[in-house]
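Protein chains in written order, with the working numbering: chain D, 6 to 185; chain A, 6 to 185. Here's the structure, in structure tokens; my notes come after.
Below is the structure:
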């Protein structure tokens, strides 16, 4: 299964940190890449920097961050387009249908999303119907659709890795990049 | 099961939006309340405003947002203290143990967390060992420990509620507040 994320309505000043969390969550929970409709060099650099150190090749695909024209993307994407919104239908009711597809675009908006997005998406899906966070919604969506991939994911080209521990922090350096 | 969230290291300017997402996720995913170690009136107001409109009484407890002294809280809390960190042990390995408890404090830090927190917590638990987001981590933690409460939660004192729909947005006004 290939899942791509489309982050809509990013405002570089205001959304810098939330959008960073959205992108990192996409990577850590097994998405193949994330598209922004706005170029934000600093944000892209910081995500690419994480990819360099922690890896981007998860064995199924190589995580990327790119810009796109969102309307063209929504019109031309050759897979299932799912808009995450608190107004949508509960994920549990649609999960079976979602899992039939091999290629998915998940759309997560910042504050307000053009109403066109509701129409251009194949499904409008909610992770609960309360106001919360696109980061939380994306995490639960990817967790369900990719079967808890966040607990199993392994980046083949990582230079560093965590060794889980009861107290404190343990990092392992890997030999993936002899030229460094 | 009562779960409280402790948000550590909030910096009002820098963390305003992420901390808002943490607090909204806590509420929407069934936590009973959230403590901050820093007072941030604007943030507290915006969360209390959500509670007024969308409700705070989830049938088990009334969601609150408060300040506290984090060190005293960690020393005196009479339940299980769990620090969410990418360096900790996988949630899946500890879930059985966690679920034995009736009262839990979940600690989620901003950027850097004092090493004391790792020591004062009963468990250091990871939602995957990749860098991502405390919002995503909190969402998955609450989802697992409260058995998908985010899909079932119902606020008894809500004035508005979403009616899930395939396309667009539907809001229902409720009769909870005749004085308004």
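For glycine and all other residues, C-beta sits at the position ideal for the given N, C-alpha and C.
Which listed residue (the options) has its alpha carbon closest to that of residue i
i: residue 139 of chain D; options: A:166, A:136, A:29; result: A:29
i: residue 17 of chain A; options: A:120, A:32, A:44; result: A:44
i: residue 61 of chain D; options: D:168, D:180, D:158, D:174; result: D:158
i: residue 127 of chain D; options: D:153, D:90, D:85; result: D:85
i: residue 133 of chain A; options: D:156, D:63, D:99, D:80; result: D:156
i: residue 101 of chain A; options: A:130, A:71, A:154; result: A:130
i: residue 120 of chain A; options: D:94, D:173, D:104; result: D:173
i: residue 74 of chain A; options: A:13, A:170, A:66, A:164; result: A:13
i: residue 21 of chain A; options: A:38, A:52, A:36, A:10; result: A:52
i: residue 72 of chain A; options: A:122, A:23, A:10; result: A:10
i: residue 95 of chain A; options: D:170, D:137, D:27; result: D:170
i: residue 137 of chain A; options: A:122, A:113, A:176; result: A:113
i: residue 108 of chain A; options: A:160, A:46, A:65; result: A:65
i: residue 135 of chain A; options: D:164, D:70, D:124; result: D:164
i: residue 87 of chain A; options: A:124, A:58, A:115; result: A:124
i: residue 176 of chain D; options: D:77, D:141, D:58, D:103; result: D:58
i: residue 83 of chain A; options: A:106, A:15, A:99; result: A:106
DSSP-derived helix/strand/coil call for residue i
i: residue 131 of chain D; result: strand
i: residue 139 of chain A; result: helix
i: residue 7 of chain A; result: strand
i: residue 180 of chain A; result: coil
i: residue 147 of chain D; result: helix
i: residue 23 of chain A; result: helix
i: residue 16 of chain D; result: coil
i: residue 157 of chain D; result: helix
i: residue 169 of chain A; result: coil
i: residue 32 of chain D; result: helix
i: residue 111 of chain D; result: strand
i: residue 185 of chain A; result: Unreliable positioning characterises residue 185 of chain A in this predicted model, as indicated by a pLDDT of 47, which lies under 50. The coordinate reading is nonetheless provided below. Correct three-state label for residue 185 of chain A: coil.
i: residue 126 of chain A; result: coil
i: residue 116 of chain D; result: coil
Supposed contact pair residue j and residue i - C-beta distance, whole angstroms, cut 8 Å
i: residue 143 of chain A; j: residue 31 of chain A; result: 7 Å
i: residue 8 of chain D; j: residue 118 of chain D; result: The Cβ separation is near 19 Å, so there is no contact.
i: residue 6 of chain D; j: residue 167 of chain A; result: 28 Å between Cβ atoms; not a contact.
i: residue 41 of chain D; j: residue 56 of chain D; result: So it is not a contact: roughly 15 Å between Cβ atoms.
i: residue 35 of chain A; j: residue 63 of chain A; result: 6 Å
i: residue 89 of chain A; j: residue 111 of chain A; result: 6 Å
i: residue 5 of chain A; j: residue 148 of chain D; result: In the structure displayed, chain A extends from 6 to 185; residue 5 of chain A sits before or after that span and is not available.
i: residue 49 of chain A; j: residue 23 of chain A; result: About 15 Å separates the two Cβ atoms, so there is no contact after all.
Residue i CB to nearest heavy atom of the ligand MG below 7 Å
i: residue 154 of chain D; result: With respect to small molecules bound, the structure shown includes none, and the ligand MG cannot be examined in it.
Exercise. Fully enclosed by the stretch 37–102 of chain D, which alpha helix (DSSP H) runs are 4 residues long or longer?
Worked result: If we require 4 residues or more, the alpha helix (DSSP H) runs fully inside the stretch 37–102 of chain D come out as 46–59, 75–81.
Exercise. Can you list, in chain order, the residues of the stretch 76–94 of chain D whose Cβ is nearer than 9 Å to any Cβ on chain A?
Worked result: Taken in chain order, the members of the stretch 76–94 of chain D whose beta-carbon sits within less than 9 Å of a beta-carbon on chain A are 90, 91, 92, 93, 94.
Exercise. For the stretch 120–138 of chain A, which residues have a CB atom closer than 9 Å to at least one CB atom of chain D, in sequence order?
Worked result: Going along the stretch 120–138 of chain A in chain order, one finds 120, 123, 124, 126, 128, 129, 131, 132, 133, 134, 135, 136, 137, 138 with a Cβ nearer than 9 Å to chain D.
Problem set entry | Interface positions of the stretch 136–159 of chain A facing chain D (Cβ-Cβ less than 7 Å), listed along the chain | Within the stretch 136–159 of chain A, the residues whose Cβ lies closer than 7 Å to some Cβ of chain D are 136, 137, 138, 140, 141, 144, 145, 148, 155, 156, 158, listed in chain order.
Problem set entry | Contact list for the stretch 96–113 of chain A against chain D, Cβ threshold 8 Å | Cβ proximity to chain D below 8 Å picks out 96, 97 from the stretch 96–113 of chain A.
Exercise. Which of the residues in the stretch 19–31 of chain A, read from start to end, lie with their CB under 7 Å from any CB of chain D?
Worked result: The residues in question are 22, 23, 26, 29, 30.
Problem set entry | Members of the stretch 28–57 of chain A near chain D, C-beta cut-off 8 Å | Residues of the stretch 28–57 of chain A that bring their beta carbon within less than 8 Å of a beta carbon in chain D comprise 29, 30, 32, 33, 34, 55, in sequence order.
For this session: Quick one: which residues of the stretch 170–181 of chain D get their C-beta closer than 9 Å to a C-beta of chain A? List them in chain order.
Result: Result list: 170, 171, 172, 173, 174, 175, 176.
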